[in-house]
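Colleague: Below is a structure I'd like to ask you about.
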Amino acid sequence: MPRVVAPCFALLAFGSSFWLLVCLLAGTREPWDAEAYWTIAYPSSGLLAGIIGFRFDSRGWLAGLVLTLSQFPVMLMLAGLGPMSAFGLVLLGALAVPTMIASTAGSWLGRRSRRR
5 MPRVVAPCFA
15 LLAFGSSFWL
25 LVCLLAGTRE
35 PWDAEAYWTI
45 AYPSSGLLAG
55 IIGFRFDSRG
65 WLAGLVLTLS
75 QFPVMLMLAG
85 LGPMSAFGLV
95 LLGALAVPTM
105 IASTAGSWLG
115 RRSRRR
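Read left to right, the sequence shown gives residues 5 to 120 (our numbering).
Shown next, in the form of structure tokens:
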């Protein structure tokens with residue numbers, strides 16, 4: 005398990021930077037308030053999760069989970085802790101499922117290609 009901690013922290017920093025950039029470009033305090041969230045930002049995060057998952061030897065699903073949940077620190081930083089924060093965290097958990105599938109698929113493909 006400790007071998008995965010450093011990559012997860014690096015991914016948290018990368019993901020937070022990605023979502024902060026989304027907020028800054030859109031002029032919003034929460035990534036999902038951006039007009040292009042569902043058409044560009046969220047699909048891009050799924051693609052990134054698959055690419056990053058490709059590099060994970062095991063536990064590739066963590067890439068999608070961490071990348072999606074890294075929106076939460078950005079929301080806390082820009083919007084603060086509010087009455088809807090718990091709901092937002094639950095929603096992020098649900099939004100993480102497709103990115104976890106993408107990163108798991110990427111991890112599987114990566115392991116398979118390294119075997120050859």
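Glycine included, C-beta positions come from ideal geometry on N, C-alpha and C.
Bear in mind the structure is a predicted one, so any value in this text is a computation, not a measurement.
Along the chain, which unbroken stretches of the alpha helix (DSSP H) at least 4 residues long are found entirely within the segment 40-102?
Modeller: Listed in chain order, they are 46-59, 65-73 and 75-83.
Colleague: Can you tell me where the alpha helix (DSSP H) with residue 120 in it begins and where it stops?
Modeller: Per DSSP, residue 120 belongs to no alpha helix (DSSP H) and is neither H nor E.
Colleague: Taking Cβ to Cβ, would you say residue 67 is nearer than 9 Å to residue 15?
Modeller: The answer is yes: Cβ separation under 9 Å.
Colleague: Indicate whether residue 110 and residue 60 have their beta-carbon atoms separated by less than 9 Å.
Modeller: A contact, by the Cβ cut-off of 9 Å.
Colleague: Would you check if the segment 51-58 and the segment 98-108 touch, i.e. whether three or more CB-CB distances between them fall below 8 Å?
Modeller: Contact holds: three or more Cβ-Cβ distances are below 8 Å.
Colleague: Ordered along the chain, which non-local residues of its own chain (more than five positions away) have a Cβ less than 6 Å from that of residue 17?
Modeller: Here the set comprises nothing.
Colleague: So which of 65, 28, 34 and 42 has the shortest CA-CA distance to residue 88?
Modeller: Checked all of 65, 28, 34 and 42; the closest Cα to residue 88 is 34.
Colleague: Can you tell me the Cα-Cα spacing of residue 83 and residue 32, whole angstroms?
Modeller: Going by the C-alpha atoms only, they are around 9 Å apart.
Colleague: Assuming contact is defined by CB atoms lying nearer than 9 Å, are residue 53 and residue 71 in contact in what I supplied?
Modeller: For residue 53 and residue 71, yes; Cβs fall inside 9 Å.
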